[in-house]
Amino acid sequence: MTSAQAPAGRRVLSALTTGTPVYILLAALLAALALTDPGFYEPDRFLSFIKRAAPLVILAAGQYLVIVCGEFDLSVGAIVTAGVVVAAELYGSFPGAPWLLVTVILLLAGALAGLVSGLITTLLRVPSFITTLGMMLILEGAVFFWTGGSPHGALPAAFRRLGRGTAFGWLPWAVLVCVVAGLLAVRLMRSDFGRTLLATGDSERAASLAGVRVARARTIAFILSGAAAALAAVLVGGFSGVSAQAGRGYEFEAITAVVLGGVVLGGGRGSVVAAMAGAFSLQALFTLLNLQGVSGALESTVQGVIVIAAVALGAADWSRLRRRGTEPSGAKSS
Amino acid sequence: MLTMHGVSKSFLGVCVLQGVGLDLEAGEVHALVGENGAGKSTLMKILAGEHLPDEGTLTIDGTAYSFSHPAQAQAAGIGIIHQEFALLPHRTVAENVFLGREPTRYGLVDRRAMERRTAELLAEMDETGITPRTPVHELSVARRQTVEIVKALASDVRILVMDEPTAALADHEAEQLASLVRRLAARGLGILYVSHRLREVFDLSQRITVLKDGRHIATLNTRDTDADTVVRAMVGRELGAYYPPRARPGEAGAERLTVISGGNARISGIDLTLRAGEVVGVAGLQGSGRTSLARALFGVAPFTTGTMTVDGKPLRPSRPRDAVRAGIALVTEDRKAEGLALRQSVTDNALLVTRAVPARGRPPAGREVTALLERVRLRAHGEDQQVQYLSGGNQQKVVIAKWLAARPRVLLFDEPTRGVDVGAKAAIHTLVRELAREGLAVLIISSELPELIGMSDRILVMSEGRLAGELPAGASEESVMRVATGGNRAREGAA
Amino acid sequence: TSDAPPDAPAGAASAAAGAPGTGRQSKFFDRAEYDRQLALAKESPQGPAGKPWEQMLRPQLVDTTQYKKKGSGGIHLCLSNAGVFNPWRQVGLKNMQAEAGLHKEITDFTVLDAQGKDDKQISDIQELAGQGCDVLIVSPNTTATLTPAVEQACGKVPVIVFDRGVETDCAVTFINPIGGYGYGAVAADFLVEKVKPKGKILALRISPGVDVLETRWSAAKVALDKSGLDVVDVKFTDGDPAKTKAIVTDAITRNGDIDGVWMDSGATSVAAVEAFEDAGKDVPPITGEDQQDFLQVWKEEKLTAIAPSYPTFQWRTPVIAALKILKGEQVPKEWKLPQPTVTQDTLDQYLKPGMPPLHYAMCGCENLPGFPEKWGGKK
Amino acid sequence: MTALRPDLKARSRTGPGRTAELRLTGPVAGVWLAALAVTGLGWIVVAARGGDFLTVTNVVTILQNCVALGLVAVGQSAVILTGSLDLSVAYLISLGTLVAAETMESGSVPVAILAVLALCAAVGLANGLIVTGLKVNAFIATLGTAFILRGWIEDNYTGPAGRVPASFQHLGYDRIGPVPVSLFLLLAVAAILWLVTRRSRLGHHMYATGGDEHAARLSGVRTRRTVITAHVLCSLCVGAAALFLAARLGAGAPWAGTEARYDLESIAAVVLGGTALAGGRGGVSGTLGGVLVLAVLDSVFNQLAVDPFFKNVVRGVVIIAAVALYARGRRTEQERTA
Ligand SMILES: Nc1ncnc2c1ncn2[C@@H]1O[C@H](COP(=O)(O)OP(=O)(O)OP(=O)(O)O)[C@@H](O)[C@H]1O
Ligand SMILES: Nc1ncnc2c1ncn2[C@@H]1O[C@H](COP(=O)(O)OP(=O)(O)OP(=O)(O)O)[C@@H](O)[C@H]1O
Ligand SMILES: [Mg+2]
Ligand SMILES: [Mg+2]
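Chains as they are written, first to last, in my numbering: chain D, 1 to 334; chain U, 335 to 829; chain B, 830 to 1208; chain W, 1209 to 1546.
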């Protein structure tokens, strides 16, 4: 190695620039929000914005793990719905159950769904698009078959505190959960496991020949995605109570968020921070459209255009600009 | 008939070609040589319409062209055999050969004509082992190479570009290819021939153009020059002795790896011992089972019979991870598909093994990684550069660094210098010998006999999935080939 | 404080202008039908008291002797159901199955579920019509699109259509409650009465482009525009409680206060209530639907509220009508059912502890066998 | 040139000459066998319950139920073969039925057909251009178009609109003998698509682009054009489906495509038919088999009065299991040949 060590500043820069478009998009949307609604940045309102974004951010982090190792998870929306319904059902049967226990059960159940998807994908070699599509049908079908279409219990206040309540009277628990989950995701991606996960998404064969347990790594990604979806279910259920369609559309939103973050479908590339920024952008976009009073109908049109445009900008050749900044500093020799 | 003038090209702000010029006569074989990353393939890709040059002109028979799509280059009579195959594995040979220019009848593809013409072309090349309807994935590497050539010849080509056509071939097959090249040239085709094998360059070409760091260094008449001059032009300095000194007697130490009557679906009766400190070469024809041997030792396609021990302990690797844990490393023959995560950084690739298999020790920290990369003499823009942007030789060095980080005890090299330029090759050779000195057991599989003979302390020869013989250091190429082809089996094989 | 451009549609425009209008009326607004429904809502129905599913408004009875079943064999009843894709339909289907179970003479009850696919429902109807059903009950997925299939089936078996209609009167009877205009008007009138003049109203709708919901809103619009209340926002919630909460929270902060909430259905009313609670505000007069969770919050939080209904007991009526038809008894050509409203006075009557949160109170199922377990409740 | 080992020789003797789709173990034959098996199984189960599964009415209903999904899935196979994907089909169907019914109400049937096909071609073109020109991943690109179409529909339509004249409704309801005419529409469209994908240059290029876009481009294939054309073809098939649905429904319905989830269902049918999601392998004939399997399953469920929620569970399991079987087949094939 002949070139000098990359200075820390440059490394931060290059880490940021991999997701440049999403940070620009997010900044633009947040600025637009400030212009539309001057009160948006009052602490409690901004916190409540983050609180609302929290489930999607967590889902995006989970989805990122799956996408970055080259797979898809279309079942997260169904896991969210199933999670909320199952929680209600549990409380229907055991009204006094401690919230922590129910939460843990949900997380384990989510992880189990992920485990099944992961094993089917890796051991039976079913493309994950199909596995998780099937899982989505199965989960939705099974949960409603079980409950006859409507969950039987209501969610008690204790369980709903994570999604609805505040710590210290001002900090929504959901924000705290979101921050912790985000930090864990970043930690994970910096760990050896995270790096091998990326390598797996980049080249499965190379990773496997380097001793990576590819199937295991992928399965873990699915498990984490399932658990993240269950965590999102706890927040969603807490925030808004029982609903039979709590998770509807979340799978596409989560994937869109991740792709907005510059993460490449197919794997091997992109950062989890950018993926979560993608989720924030999406939520900011929803909020903005809502505040702008764009007629309900056209909202989805605007959303479609912006998503395509943002991803198109991300796909454009930004690397040209980036490379300038990271021109080798050491002289070539040898 | 072809002139390229002042061609420049940069990728991502890095200049890869700077004002390169080249001309080609009809009936001429014009060789293009240079180190890895010198820009040879890029120049050829510009000619083939794959890349648009930033600057420069291209004229064929006095007409200026500017290709923005490979189809346009084809229409202008340019055929190219790519360094990496451009074949579709699940389609038939005929479909591949006529891809992009399928003959039609009544608007529909005329399969029959396609297959007939393919059969004719195959027959013209004395290739009887391939039928037009075979799916390509059923063919061996050498035969895929043939399909590539047929594909290039299927349209009306006047200029044929061959980018390292022999990289995947054994010497003996390379000779067949050489005679084909001569025949084509005699028919009046202009042939641009890219290769790292100087011997065949001198054998075939009338002129040699040398590129270095994206610049045109010289165009020489083959008759008026010699290998040393060309190498000096390529590398920019004298290369010393080609191969590092072999192991001194007694340097080979304890048995590191032994196999007794190992075998599986592809190979059988393997008895093998590797000792610490020695470099053992494996020779053989294409398909003789050398790669299969390496894959068996490494647990990819494990032995199903026999026993294997590493450092005296029995080992039955059923997947690469087992072998890695036991201290075995494999540098595969296809580094892009099997050796590297191309979009990850140099560092991440170098650390991959240690991260995946913590049993091989903690992943080295930043400074140690730098030391490691210096040790393999990597030339890169930075440790965070994605390896896909490195030249082939430097990519190979990253692969080696990846294994060194895991402190292996046995190193298996499958075609370690395939597609690697002379300079980098020498560096790798030196490194291999250093590693052996440090007590590793090294096994080298190579199709390039001079290299194999130059490097090995002893040479195993494989034939038809068996170890057909063992030759001492310094054996002659003829003796190796004799064992490798072994009697009448050789004739059967030379299809 | 809205920066919405003056030509923005619906709610935003009115907020900017501060005018009472809520924008142009939906092109689907049908004045005559609106007037008819409002008139019907004022009438008292005929039929047994306490059994609204057997009651009828302004019946025009038709003769059915031609359909009288001869012979003594059991009755084969068939239902082509649009689907069970929401709790309303789930409760309804259970009602119908339980009603069918009440009558010994019904030996077969075949249900084909179209899973929301018009195309499949057409095939289902064709299949059932050729299957020897004595009566075919159709709950159409879409009004216009199932017309031809129903017409075809009419030629083969007596057909009963309910809930959404079809554009043919070949069915023996069409069973439905008063309708969307009635629903929307009840809720809007309540707000007009309870909210102070010029109070700020937030209107929450599920999604645009669904006819049954459009009628509810257009009726409310008529009432609200006339009242002088200030409709500050009309928003679509997609039926998503989380989104609803967000919208309401934003509306509260932006407008300082919201004095009344109009909703076109009940699925998200609890979320709206919670948004006020979470914002530390008193819940203003609010409208909902007869879903248990809303009724419960209403009672617990002592809300000023009203819950018009689109009653699920209408699922019982087709079975009753079928039996009448097979006996040759008269049925109304259009069997208009009453559409009771849950008010403060009747709240306790409809709030059933132990029923699941998404259960519809107006199910008329309390005396059916298997209640409450079959409906997911606890004794 | 190569020395063949015995096992290799044995293989190459039987190897050449067979094309993948003729193998009995291959996905295409597999899915048709599966359709047969499901039918047989359904017949046994229904018969055990005293019913009769293979009546003419029932068979006709099954075939009839294949038409709409079949049309969409056949189009979807074209894009998936090319390595792309179309998630906008559901909303396009809805919009197609609306445009068809409204134009027929105010204009004439031929104008309406042209209008729908033109609209669909335009949407397909847009999809293709976004995927190839803007380099947006097909998943996101077509999801984006779907959102755009959705907004358009919701902004302009509240409930069903337009009216289809009786003359055109023949397409939805008439039969020739016991066979619905719409089945001929499906067969015609499928035949065209089969011819295009299997026998035309475009089709060869589609397989090539889906198999390895880079290699195809190097071989002189205009890969972008190929992808765009595939998208247009797909959307035209969707247009045909929309016309058929309009004929059947008698009006345009804003949720004709979405409530039936034609987007995911069509992809499921394609994959069930053995087409690789990554592109390059499979084909139209398998897709038809996949559609048939789904329709037969549905019919069996109908006969047995299975809870609709439980149906979804079974469908999910069937889809995963089928693809797992193909993957197994493919893996053993790889082990044999690699
Ligand atoms: N698509 C690309 N994007 C970025 N850099 C590229 C690209 N293609 C080639 N390069 C870079 O351009 C330089 C020249 O590459 P090229 O493939 O032409 O070398 P070469 O002379 O053919 O080497 P080799 O002998 O290894 O084949 C290398 O540094 C390579 O990394
Ligand atoms: N069990 C296996 N599964 C899949 N591929 C295999 C297997 N064994 C060998 N191969 C591949 O088949 C090809 C031919 O390998 P084989 O061992 O037959 O010949 P070889 O003598 O190693 O050829 P070479 O001269 O290229 O090294 C190689 O590319 C190898 O990667
Ligand atoms: Mg090259
Ligand atoms: Mg080899």
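Heads up, the beta-carbon is just placed ideally off N, CA and C, and yes, glycines get one too.
query                                                                                                                                                                                   : result
With DSSP run on the structure shown, which of helix, strand or coil describes W/TRP1240?                                                                                               : helix
Would you call the region 1123 to 1140 of chain B and the region 1102 to 1113 of chain B in contact, with 3 or more CB pairs under 8 Å?                                                 : yes
Taking 8 Å as the threshold (beta carbon to beta carbon), is W/TYR1534 in contact with chain U?                                                                                         : no
So, does the CB of B/ASP947 fall closer than 8 Å to a CB anywhere in chain W?                                                                                                           : yes
Taking C-beta pairs closer than 9 Å, name the residues in chain U that W/VAL1429 reaches, listed in chain order.                                                                        : PRO404, ALA405, LEU433, GLY434
List the whole-angstrom C-beta distance separating B/PRO987 from B/VAL967, where the pair is believed to meet the contact cut-off of C-beta under 8 Å.                                  : The pair is not a contact, with the Cβ atoms about 11 Å apart (cut-off 8 Å).
Here's the rule I'm using: 16 or more other beta-carbon atoms within 10 Å means buried, otherwise exposed. How should U/TYR440 be labelled?                                             : exposed
In terms of residue numbering, what span does the beta strand (DSSP E) encompassing D/TRP173 cover?                                                                                     : Unbroken run through D/TRP173 is the alpha helix (DSSP H), 173 to 190; no beta strand (DSSP E).
Tell whether a beta-carbon distance below 8 Å holds between W/ALA1320 and W/ALA1308.                                                                                                    : yes
For W/HIS1412, which of U/ALA758, U/VAL443, U/HIS506, U/GLY640 has the nearest alpha-carbon?                                                                                            : U/VAL443
At a cut-off of 7 Å, is B/LYS1110 close to ligand 1 when judged by its beta-carbon and the heavy atoms of the ligand?                                                                   : no
Identify the residues that DSSP records as bridge partners of B/ASP1091: which are they?                                                                                                : Per the sequence presented here, residue 1091 of chain B reads as Trp, with Asp not at that position. Its beta-bridge partners are B/ALA1032.
Beta carbon of U/GLY757: closer than 7 Å to some heavy atom of ligand 1?                                                                                                                : no
Name, please, each residue of chain B whose Cβ falls closer than 8 Å to the Cβ of W/GLN1377.                                                                                            : PRO977
How big is the Cα-Cα spacing for B/LYS1027 and B/VAL1015?                                                                                                                               : 19 Å
Which two residues bound the contiguous beta strand (DSSP E) that contains U/SER595?                                                                                                    : 589 to 597
What span of residues does the beta strand (DSSP E) with U/LEU494 cover, start to end?                                                                                                  : 493 to 497
Would you kindly work out how many angstroms separate the C-alpha atoms of D/ILE105 and D/GLY83, rounded to a whole number?                                                             : 10 Å
Are the C-beta atoms of W/LEU1333 and some chain D residue less than 8 Å apart?                                                                                                         : no
I need the straight-line Cα distance from B/VAL1077 to D/ALA53, nearest angstrom please.                                                                                                : 16 Å
If we count the other Cβ atoms within 10 Å of its Cβ and call it buried at 16 or more, is W/PHE1517 buried or exposed?                                                                  : buried
Tell me which residues of the region 1473 to 1496 of chain W have at least one Cβ-Cβ distance to chain U shorter than 8 Å, keeping chain order.                                         : GLY1488, ARG1489
Alpha carbon to alpha carbon, what distance is there between U/VAL644 and W/GLY1418?                                                                                                    : 45 Å
Pick out whichever of U/GLY361, U/MET448, U/GLY788, U/GLY808 has its Cα sitting closest to the Cα of U/SER539.                                                                          : U/GLY361
Can you check which of these residues, D/VAL66, D/TRP146, D/GLY182, D/GLY241, is closest to B/ALA1096 by C-alpha distance?                                                              : D/GLY241
Cβ of W/ILE1528 less than 8 Å from any chain B Cβ?                                                                                                                                      : no
Going by DSSP in three states, W/LEU1230 sits in which element: helix, strand or coil?                                                                                                  : Confidence is the limiting factor: at W/LEU1230 the pLDDT is only 45, short of 50, which leaves the residue's position unreliable and the question unanswerable from this model.
Buried or exposed: W/SER1375, going by 16 or more other Cβ atoms within 10 Å of its Cβ?                                                                                                 : exposed
Below 7 Å on C-beta distance, what does D/ARG161 contact in chain B?                                                                                                                    : Neighbours of D/ARG161 on chain B: none; closest Cβ ~12 Å, over 7 Å.
At a cut-off of 7 Å, would you count D/GLY346 as near ligand 1, judging by its Cβ distance to the nearest heavy atom?                                                                   : What the structure shows of chain D is the stretch from 1 to 334, and residue 346 of chain D is not part of that stretch, so it cannot be assessed.
Given 7 Å as the limit, tell me if U/PHE419 has its C-beta closer than that to any heavy atom belonging to ligand 1.                                                                    : no
What do you reckon, is the C-beta of U/THR376 under 7 Å from a heavy atom of ligand 1?                                                                                                  : yes
Taking one C-beta from the region 910 to 918 of chain B and one from the region 887 to 896 of chain B each time, how about it: are there three or more such pairs within less than 8 Å? : no
Of the choices B/ILE1149, B/THR1175, B/GLY1193, B/TYR1189, whose alpha-carbon is the least far from that of B/GLU934?                                                                   : B/ILE1149
Per DSSP, what kind of secondary structure is B/ASP1122 in: helix, strand or coil?                                                                                                      : helix
My parser needs the alpha helix (DSSP H) runs of 4 or more residues fully inside the region 486 to 536 of chain U; what are they?                                                       : 505 to 520
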